[in-house]
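Chains as they are written, first to last, in this note's numbering: chain A, 11 to 309; chain B, 11 to 309.
Even glycine gets a Cβ: it sits at the ideal position worked out from N, Cα and C.
There are 2 protein chains.
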Amino acid sequence: MTAPNIKEYMEARRDLAEKALDAMLPPEDNEPAVLHQAMRYSVFAGGKRIRPVLAMAAAEVVGGSGKQVLPLAVALECIHTYSLIHDDLPAMDNDDLRRGKPTVHKVFGEAVAILAGDALLTYGLGVLSLPEVSRTYRAENLLAAIRELALAAGSTRLIAGQVMDILCEGKDVDKHMVEYIVRNKTGALIRASLVCGATLVDGELERIEVLGKFGDLLGMIFQIRDDLLDIEGDPVKMGKAVQKDGDRGKATLPRLLGAERTEEIMYSLIRNAEDTIRPLGETANPLVQITHYIGKRVS
Amino acid sequence: MTAPNIKEYMEARRDLAEKALDAMLPPEDNEPAVLHQAMRYSVFAGGKRIRPVLAMAAAEVVGGSGKQVLPLAVALECIHTYSLIHDDLPAMDNDDLRRGKPTVHKVFGEAVAILAGDALLTYGLGVLSLPEVSRTYRAENLLAAIRELALAAGSTRLIAGQVMDILCEGKDVDKHMVEYIVRNKTGALIRASLVCGATLVDGELERIEVLGKFGDLLGMIFQIRDDLLDIEGDPVKMGKAVQKDGDRGKATLPRLLGAERTEEIMYSLIRNAEDTIRPLGETANPLVQITHYIGKRVS
Chain A
11 MTAPNIKEYM EARRDLAEKA LDAMLPPEDN EPAVLHQAMR YSVFAGGKRI
61 RPVLAMAAAE VVGGSGKQVL PLAVALECIH TYSLIHDDLP AMDNDDLRRG
111 KPTVHKVFGE AVAILAGDAL LTYGLGVLSL PEVSRTYRAE NLLAAIRELA
161 LAAGSTRLIA GQVMDILCEG KDVDKHMVEY IVRNKTGALI RASLVCGATL
211 VDGELERIEV LGKFGDLLGM IFQIRDDLLD IEGDPVKMGK AVQKDGDRGK
261 ATLPRLLGAE RTEEIMYSLI RNAEDTIRPL GETANPLVQI THYIGKRVS
Chain B
11 MTAPNIKEYM EARRDLAEKA LDAMLPPEDN EPAVLHQAMR YSVFAGGKRI
61 RPVLAMAAAE VVGGSGKQVL PLAVALECIH TYSLIHDDLP AMDNDDLRRG
111 KPTVHKVFGE AVAILAGDAL LTYGLGVLSL PEVSRTYRAE NLLAAIRELA
161 LAAGSTRLIA GQVMDILCEG KDVDKHMVEY IVRNKTGALI RASLVCGATL
211 VDGELERIEV LGKFGDLLGM IFQIRDDLLD IEGDPVKMGK AVQKDGDRGK
261 ATLPRLLGAE RTEEIMYSLI RNAEDTIRPL GETANPLVQI THYIGKRVS
């Protein structure tokens, strides 16, 4: 599969995820309207929907279809968006812009932003248990997916990464700690996207394990590219200020090792990820292409 | 069952819940330690564990035992505690004291408080899907309980009540809006405690429906007593400042209708709750006694 094809592949799945989000999220005029407006404002601020695309690609790798896991796509995007809303809060990274738009607390105030994040997290962890969703899957697979999501989003993974990201600001930290942040802050939910996507369509356990290992690597690649973009990215393409991590003294690999050495590490992770997923055969080709896309993206 | 007995009944179940929380919550030295310390600090700040007691009592009403639903007790208390941590934040109610102790953000800072709340919510919604828990129950019952918890904690119930509670501060609001806040802010999780407790032990649908109706009434009774305590309670017994709602112009029934009329409404709700639950027979006696206890409590 060549580069333009993978773009189409990702766009097709992003569009499906977009429609599923619009169809499933509570409407804006649901009481309280301001809360549901804030939820939709943040969810539809224009993300790349990487996690939904990964979940769909993983379902395909084990013999299912992307469409089969759209409720999971919704869950992942809600959990991801909640984490962004809370990360942007004044008490955390205090960011005014996200994807080129004012952040949720800038538009709706801090209280509504905290609560909109809470509501998206709650919706994301609950959506797979809704009757209209759950009748499509085996109950055991749904419970396994919910468990994986909750662990990935929980106090020893996503939130652990975020806590350390904030507590290490401006401090001298070693490579071990930077890797801990990189692995957990983004990696946990990337991994869960792949594992849950394959689990829901009843994938073979051995293939799911491979997807999990691949997901760990892909998560690190994603976060490292993010950290590189912060030091050398184009603020117009990114829709947010750059070089903020450096100003804040964030614990990132580029800050610790320099951009060149960090790129080397990233490209070695890409090779590692490729080697991990290749044995799954031709159906894994899109995941290989996505890995390269993520490693080279400019926003 | 006489009054001293119900106290023993509640204390026995509170102790079971306490032990289950201590056994199940991640240990304090789990990385990141500060996050897990904050989670345990808030969970073990000394609550009455009303929701766990209700879940256990509901399990008993449909022929199960309280011990059978201890993981649910943990889920409920984590979700409840998360809501308290976030409610207390400077951007929300800005409370310095809770149950006689400094609030989480006062001890651990705002960022860790937000994240500890997020982690407790995530843990609470995920705990029923853990392997060591889920093998004890029918998968369909687990999914039904997770759905009920997520809906109760979600954007149209618990969070809706909290949004309105904050947005209506200092405004002229009608009885309809005050009832909306009362019904959702506390009522949703009280109702879910009862419904999930009975669901997990495979209770009869008709009895679960009755428990749901009773839960709606009990939730309102609980919140109204809370609002009455704010205007006439003893700050030493309560472990927090009183008359703060009035100072802030919170939309409460006592503020709208006066204490006397509010008490009348509450006692009529108690009679209504009693009439609703009585048909379930002798096993519902503890719930009748708990209703009176909640209506008359002084802290």
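Considering Cα atoms alone, identify which of the options is closest to residue i.
i: A/LEU262; options: A/THR146, A/MET174, A/ALA65, A/ARG148; result: Note on identity: in this sequence residue 262 of chain A is Thr, with Leu being the wrong assignment. It is A/MET174.
i: B/VAL366; options: A/SER52, A/ILE304, A/LEU153, A/GLU189; result: This structure gives no information on residue 366 of chain B, because the portion of chain B shown stretches from 11 to 309.
i: A/GLY256; options: A/ARG148, A/ILE231, A/ILE241, A/GLU270; result: A/ILE241
i: A/ALA129; options: A/MET276, A/GLN47, A/ARG145, A/ILE231; result: A/GLN47
i: B/VAL44; options: B/GLU120, B/GLY305, B/TYR19, B/PRO100; result: B/GLU120
i: A/ASP97; options: A/ILE124, A/ARG281, A/PRO81; result: A/ILE124
i: B/PRO62; options: B/GLY259, B/SER278, B/VAL205, B/VAL220; result: B/VAL205
i: B/LEU279; options: B/ALA55, B/VAL53, B/PHE54, B/GLY229; result: B/GLY229
i: A/ASN295; options: A/MET276, A/LEU221, A/GLN253; result: A/LEU221
i: A/LYS77; options: A/ALA208, A/GLN299, A/GLU219; result: A/ALA208
i: B/GLN330; options: B/ARG258, B/ARG167, B/ILE60, B/PRO36; result: Shown here, chain B extends from 11 to 309; a query on residue 330 of chain B therefore has no answer.
i: A/ARG193; options: A/GLY225, A/LEU210, A/ILE218, A/GLU219; result: A/GLY225
i: B/ALA83; options: B/TYR51, B/GLY57, B/ASP103, B/LEU267; result: B/GLY57
i: A/ARG271; options: A/ASP237, A/LEU290, A/LEU297; result: A/ASP237
i: A/MET34; options: A/PHE118, A/VAL53, A/GLU189; result: A/VAL53
i: B/LEU239; options: B/ASN104, B/THR301, B/PRO264, B/LEU290; result: B/PRO264
i: A/ASN282; options: A/LEU267, A/ALA55, A/HIS302; result: A/HIS302
Between residue i and residue j, how many whole angstroms is the CB-CB distance? I'm expecting something under 8 Å.
i: A/ILE169; j: A/GLY127; result: Not really, about 12 Å apart at Cβ, beyond 8 Å.
i: A/LEU135; j: B/THR132; result: 7 Å
i: B/ALA202; j: B/GLU158; result: 5 Å
i: A/ASP234; j: A/MET276; result: Note on identity: in this sequence residue 234 of chain A is Ile, with Asp being the wrong assignment. Going by Cβ atoms, the distance from A/ILE234 to A/MET276 rounds to 5 Å, so yes, they are a contact pair.
i: A/MET328; j: B/SER165; result: Residue 328 of chain A lies beyond the residue range present for chain A, which begins at 11 and ends at 309; the question has no answer from this structure.
i: B/TYR51; j: B/VAL114; result: 6 Å
i: B/VAL79; j: B/LEU210; result: 5 Å
i: A/LEU297; j: A/VAL72; result: In fact, because the Cβ distance is near 12 Å, the residues do not count as touching under 8 Å.
i: B/GLY305; j: B/ILE231; result: 5 Å
i: B/ALA149; j: A/ALA149; result: 4 Å
Within 8 Å (strictly less), CB to CB, does residue i reach chain A?
i: B/THR132; result: yes
i: B/HIS186; result: no
i: B/ILE176; result: yes
i: B/ALA13; result: The predicted model places B/ALA13 with a pLDDT of 49, which falls under 50 and marks its position as unreliable, so this point remains unresolved.
i: B/ILE124; result: yes
i: B/ALA101; result: yes
i: B/GLU87; result: no
i: B/ALA121; result: yes
i: B/SER309; result: no
i: B/ALA149; result: yes
i: B/LYS306; result: no
i: B/LEU94; result: no
i: B/LEU152; result: yes
Does the CB of residue i have a neighbour CB from chain B at under 8 Å?
i: A/ASP106; result: no
i: A/GLY136; result: yes
i: A/MET34; result: no
i: A/ASP128; result: yes
i: A/SER144; result: yes
i: A/MET276; result: no
i: A/MET230; result: no
i: A/LEU31; result: no
i: A/LEU82; result: no
i: A/GLU219; result: no
i: A/MET49; result: yes
i: A/SER139; result: yes
i: A/LEU210; result: no
i: A/GLU189; result: no
i: A/VAL44; result: yes
i: A/GLU41; result: yes
| message | Is it the case that the region 82-91 of chain A contacts the region 30-50 of chain A, given that we only count it when at least three CB pairs across the two stretches are under 8 Å? | response | yes
| request: Using a Cβ-Cβ cut-off of less than 8 Å, list which residues of the region 157-172 of chain A approach chain C; keep chain order. | output: Among the chains of the structure shown, chain C does not appear; the protein chains present are A and B.
| said: For the region 95-114 of chain A against the region 201-216 of chain A, do three or more pairs of beta-carbon atoms, one drawn from each stretch, fall closer than 8 Å, so that the two count as touching? | reply: no
| query | Is it true that the region 176-196 of chain B meets the region 33-40 of chain B, where meeting means three or more beta-carbon pairs spaced less than 8 Å apart? | reply | no
| request: Evaluate contact between the region 195-206 of chain B and the region 143-161 of chain A, counting only Cβ atoms and requiring at least three cross-stretch pairs below 8 Å. | output: no
| field | Three or more C-beta pairs below 8 Å linking the region 57-68 of chain B and the region 17-27 of chain B | value | yes
| field | Every unbroken beta strand (DSSP E) within the region 113-187 of chain A, with a cutoff of 3 residues, ordered by chain | value | none
| request: Kindly provide the ranges of any alpha helix (DSSP H) runs that are 4 or more residues long and lie completely inside the region 19-83 of chain B, ordered along the chain. | output: 43-53, 60-71
| request: For the region 245-292 of chain A, list the beta strand (DSSP E) runs that are entirely contained and at least 3 residues long, ordered along the chain. | output: none
| request: Note down, one range per segment and in chain order, each alpha helix (DSSP H) of at least 4 residues found wholly within the region 190-251 of chain A. | output: 197-210, 215-242, 245-248
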